[in-house]
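Enquirer: Residue numbers (my numbering): 1189 to 1480.
Note that the Cβ used here is the ideal one computed from N, Cα and C, for glycine as well.
Sharing a structure below in structure tokens format, with a few things to ask.
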């Protein structure tokens, strides 16, 4: 049957649904943004109030209450000042492991803060933890430099390519063109290598954790963390870490943190010390990640 020009056009049901969904998204999109903004404002308000309570408790000498308030704030937002205050309080109560953890967190947010660096070095010295040796890998290829290396290398590549096209049309000797090309390629190669090294250090930071003794431990256990041969409390210790010592969690075949969940629902990480001399399993409560 042939439809005449007077017959109404037929609309596919899927087309109607698509237009209806578009209309719903258009109408609810702004509302979703407003709700998300309100939620973020509530989180910031909660953090500010908790931080204020922490400051008052610290001024009154109630360090445990101040720590609880600062931790409540840290669960919502992160700042160098907040983690620095937490680190100072943990240092005052003698919990050197968590003090080092929060000094590390604070330095990630404020890498050039000399006071934080001095405090971290001091608590490591008191806890008798060997200070990691500084090298080019930790300074020039630090995780915070990856964006600098990436943008610099990309810019250098395109600028060099543009200059090369100009020189090709100029009456310049072949020797000069060769030297410029070699210099450009060398700088791009070094920038690519630096970007790769910085990316490797970013991954190391992702795996970094601080050994922290469990609450209620006494005697030697108060300053030691056991690395066990296998996941589980019943297994014997393979090595001992000092509370506050930095370790790196191994990766599994899928490049995820290597972990095991035991029958009591505890999560165990397979980690090793910075030198690689100590290796074993410890719980997620004993190995607190810097980037949690």
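Name the DSSP beta bridge partners of residue 1430, please?
Expert: Start at 1 with the first residue of the chain shown, and residue 1430 comes out as number 242. BP columns for residue 1430 point to 1412.
Enquirer: Within this structure, are the beta carbons of residue 1346 and residue 1383 separated by less than 8 Å?
Expert: Here residue 1346 refers to the residue found at position 158 of the chain shown. Here residue 1383 refers to the residue found at position 195 of the chain shown. No, these two residues do not count as a Cβ contact at 8 Å.
Enquirer: Measure the beta-carbon distance from residue 1437 to residue 1457 and round it to whole angstroms, keeping in mind my assumption that it falls under 8 Å.
Expert: If you number the chain shown from 1, residue 1437 lands on position 249. If you number the chain shown from 1, residue 1457 lands on position 269. About 5 Å; that satisfies the 8 Å criterion.
Enquirer: Would you kindly work out how many angstroms separate the C-alpha atoms of residue 1296 and residue 1308, rounded to a whole number?
Expert: For the purposes of this step, residue 1296 is identified with residue 108 of the chain shown, where counting begins at 1. For the purposes of this step, residue 1308 is identified with residue 120 of the chain shown, where counting begins at 1. When rounded, the distance between both Cα atoms is 13 Å.
Enquirer: Report yes if the CB atom of residue 1411 is closer than 8 Å to the CB atom of residue 1434, and no otherwise.
Expert: Numbered from its first residue, the chain shown carries residue 1411 at position 223. Numbered from its first residue, the chain shown carries residue 1434 at position 246. Against a cut-off of 8 Å, the Cβ pair of residue 1434 and residue 1411 comes out as no contact.
Enquirer: What is the DSSP secondary structure of residue 1278, reduced to helix, strand or coil?
Expert: The residue labelled residue 1278 in the question sits at position 90 within the chain shown. Correct three-state label for residue 1278: helix.
Enquirer: Suppose contacts are defined by Cβ-Cβ distances below 8 Å. Is residue 1400 in contact with residue 1277 by that definition?
Expert: As a working mapping, residue 1400 is identified with position 212 in the chain shown. As a working mapping, residue 1277 is identified with position 89 in the chain shown. Taking 8 Å as the Cβ cut-off, residue 1400 and residue 1277 do not qualify as a contacting pair.
Enquirer: Hey, how far is the Cα of residue 1386 from the Cα of residue 1365?
Expert: Translated into the one-based positions of the chain shown, residue 1386 becomes position 198. Translated into the one-based positions of the chain shown, residue 1365 becomes position 177. Cα to Cα, residue 1386 sits roughly 31 Å from residue 1365.
Enquirer: If I follow the unbroken beta strand (DSSP E) through residue 1489, where does it start and stop?
Expert: The displayed coordinates of the chain run from 1189 to 1480. Any statement about residue 1489 would go beyond what the structure contains.
Enquirer: If you draw a straight line from the alpha carbon of residue 1388 to that of residue 1315, how long is it in whole angstroms?
Expert: Stepping through the chain shown from its first residue, residue 1388 is reached at position 200. Stepping through the chain shown from its first residue, residue 1315 is reached at position 127. So the two alpha carbons sit approximately 29 Å from each other.
Enquirer: Check residue 1457 in the structure and name its three-state DSSP category.
Expert: Residue mapping note: residue 1457 aligns to position 269 of the chain shown, counting from 1. Strand, per DSSP.
Enquirer: Please name the residue in 1329, 1378 and 1256 whose C-alpha comes closest to that of residue 1393.
Expert: As a position in the chain shown, residue 1393 is number 205, starting the count at 1. Residue 1393 has its Cα closest to that of 1329, out of 1329, 1378 and 1256.
Enquirer: Kindly indicate which three-state DSSP category residue 1442 falls into: helix, strand or coil?
Expert: Walking along the chain shown from the start, residue 1442 turns up at place 254. Of the three classes helix, strand and coil, the one that applies to residue 1442 here is coil, per DSSP.
Enquirer: Quick one: what's got a C-beta closer than 8 Å to residue 1363's C-beta in the same chain, skipping five residues either side?
Expert: To locate residue 1363, count along the chain shown from 1; it is residue 175. Taken in chain order, the list of residues that qualify is empty.
Enquirer: Using the C-alpha atoms, what's the distance from residue 1287 back to residue 1274?
Expert: As a working mapping, residue 1274 is identified with position 86 in the chain shown. As a working mapping, residue 1287 is identified with position 99 in the chain shown. Cα to Cα, the separation comes out at about 7 Å.
Enquirer: What did DSSP end up calling residue 1436 once you bin it into helix, strand or coil?
Expert: Here residue 1436 corresponds to residue number 248 of the chain shown, with the count starting at 1. Reduced to three states, the DSSP call for residue 1436 is strand.
Enquirer: Under a Cβ-count criterion, where at least 16 other Cβ atoms within 10 Å of its own Cβ denotes burial, should residue 1464 be classed as buried or exposed?
Expert: Here the question's residue 1464 lines up with position 276 in the chain shown. With fewer than 16 Cβ atoms within 10 Å of its Cβ, residue 1464 is classed as exposed.
Enquirer: May I ask which residues mark the beginning and end of the beta strand (DSSP E) holding residue 1525?
Expert: Because the chain in this structure spans residues 1189 to 1480, residue 1525 falls outside the shown range and cannot be described.
Enquirer: With distance defined between alpha-carbon atoms, name the residue in 1403, 1398, 1402 and 1391 nearest to residue 1444.
Expert: For the purposes of this step, residue 1444 is taken as residue 256 along the chain shown, with counting starting at 1. It is 1391.
Enquirer: First and last residue of the beta strand (DSSP E) that includes residue 1448?
Expert: For the purposes of this step, residue 1448 is taken as the residue at position 260 of the chain shown. Looking at the DSSP string, the run of the beta strand (DSSP E) that includes residue 1448 is 1447–1449.
Enquirer: Let me know the secondary structure DSSP gives residue 1477 once reduced to three states.
Expert: Here residue 1477 is taken as the residue at index 289 of the chain shown, counted from 1. In this structure, residue 1477 counts as strand in the three-state DSSP scheme.
Enquirer: For residue 1473, I'd like the list of residues in its chain whose CB is within less than 7 Å of its CB, leaving aside the five on either flank, ordered along the chain.
Expert: Here residue 1473 refers to the residue found at position 285 of the chain shown. The answer, listed in chain order, is 1402.
Enquirer: Ordered along the chain, which non-local residues of its own chain (more than five positions away) have a Cβ less than 7 Å from that of residue 1319?
Expert: Numbered from 1 along the chain shown, position 131 holds the residue referred to as residue 1319. Only 1309 and 1312 meet the Cβ criterion.
Enquirer: May I ask you to list the residues that DSSP assigns as paired with residue 1425?
Expert: Numbered from 1 along the chain shown, position 237 holds the residue referred to as residue 1425. 1416.
Enquirer: Spatial neighbours of residue 1333 within its chain, please: CB distance less than 7 Å, with the 5 preceding and 5 following residues excluded, ordered by chain position.
Expert: If you number the chain shown from 1, residue 1333 lands on position 145. Answer for residue 1333: 1386, listed in chain order.
Enquirer: Just to confirm my understanding: we take residue 1258, look at its own chain, exclude 5 residues before and 5 after, and list those with CB closer than 8 Å. What are they?
Expert: Locating residue 1258 in the chain shown gives position 70, counting from the first residue. So the list reads 1238, 1239, 1242, 1270, 1273, 1274 and 1277, once near-sequence residues are dropped.
Enquirer: Just how far apart, CA to CA, sit residue 1416 and residue 1468?
Expert: Walking along the chain shown from the start, residue 1416 turns up at place 228. Walking along the chain shown from the start, residue 1468 turns up at place 280. Cα-Cα distance, rounded: 5 Å.
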